[in-house]
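In our numbering, the protein residues as written are 575 to 870.
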């Protein structure tokens, strides 16, 4: 996270106070850079939804049982359905995971509604900090788009200005070379960086907008589920649930409808031991949806 803060601060300060000549772009980049740093710190330092690690059970204790919870959802046709979601025991943290909880191998802890482990924030993106992460990628997208357009416009203005001088004095370097010398080549470097990081930020912004419109995580989307049991029936309801409904994701006191003994050596080492999704008997059959318990 420190490297991300330094990168944003350094590039934005160079853009605002040294390389750029477009006042509107300088103001927008300066404001969005400040907001980005604040939201980045908020996202990186806040709790993503960690389940507190508990002491291990005594030697010889029997394996913990899975709990099955009923969940109602509305499909895209407006029909109500019910599904059973499995809440499993994590033998690394000695706690029951939420039904979309994952044990992160980088953080070595269980995170509710874990989306992914973000190297830029240095922490997991989960139930409690996903909203700040979503704001972060969109603010960065605006900043980088403005920096790209403003940087190109500023460079063109420099070239035009120097071309007028070069036409009078033929001994001077070319207009483009003079424009590069003005900023010690920092302006084109910032333009290239804005384009490269912009592609990353824009793709993340649109991808996560799609995910929250369906109330899915990146792990859910990777499974290519034929039936989305986490939908709330409308885009607005899904957005609200994805950005503000974290309590539902970490709730584990739902009514147990079935128990099943689960024997697993270690939840972080066995990819096959993932929470399963089973349909109710009076509804049409759903394909099994597997959600990884471990980040491998």
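C-beta atoms are modelled at their ideal positions from N, C-alpha and C, and glycine is treated no differently.
Since this is a predicted model, take the numbers as computed values, not measurements.
Contact set for residue i: own chain, Cβ-Cβ below 6 angstroms, skip 5 residues either direction
i	result
residue 688	676, 698 and 700
residue 856	Note that residue 856 has pLDDT 36, beneath the 50 cutoff, so the model's placement of it is unreliable and no number is given.
residue 628	668 and 669
residue 830	At residue 830, the pLDDT of 36 sits below 50, so the modelled position is not reliable; the number obtained from the coordinates is stated separately. Closer than 6 angstroms at the Cβ level, and outside the excluded window around residue 830, lie 641.
residue 757	593
residue 664	671, 677, 684 and 841
residue 584	none
One or two residues paired with residue i in a DSSP bridge
i	result
residue 625	684
residue 699	690
residue 663	670
Beta carbon of residue i nearer than 7 angstroms to that of residue j
i	j	result
residue 695	residue 597	no
residue 586	residue 607	yes
residue 811	residue 786	no
Own chain partners of residue i with C-beta closer than 7 angstroms, once the 5 adjacent residues on each side are dropped
i	result
residue 768	718, 721, 722 and 725
residue 776	715
residue 733	749, 750 and 753
residue 571	Any question about residue 571 goes unanswered here, given that the chain covers just 575 to 870.
residue 582	607, 610 and 611
residue 613	706, 709, 710 and 713
Continuous beta strand (DSSP E) stretch holding residue i: start and end
i	result
residue 640	639-648
residue 677	676-678
Start and end residues, alpha helix (DSSP H) containing residue i
i	result
residue 782	760-787
residue 586	576-588
residue 599	597-619
residue 798	That residue, residue 798, is in no alpha helix (DSSP H); it is neither H nor E in DSSP.
residue 805	From DSSP, residue 805 is part of no alpha helix (DSSP H); its letter is neither H nor E.
residue 790	Residue 790 -> no alpha helix (DSSP H), and no H or E assigned at all.
residue 635	Taken as a continuous stretch (DSSP letters only), residue 635 belongs to no alpha helix (DSSP H), as it is neither H nor E.
residue 750	749-756
Cutoff 8 angstroms; reference residue i; Cβ partners in own chain excluding five residues on either side
i	result
residue 755	747
Give a yes or no on contact between the stretch 806-819 and the stretch 639-658, applying the rule of three or more CB pairs nearer than 8 angstroms.
yes
Examine the Cβ distances between the stretch 701-711 and the stretch 617-626 and report whether three or more of them are shorter than 8 angstroms.
yes
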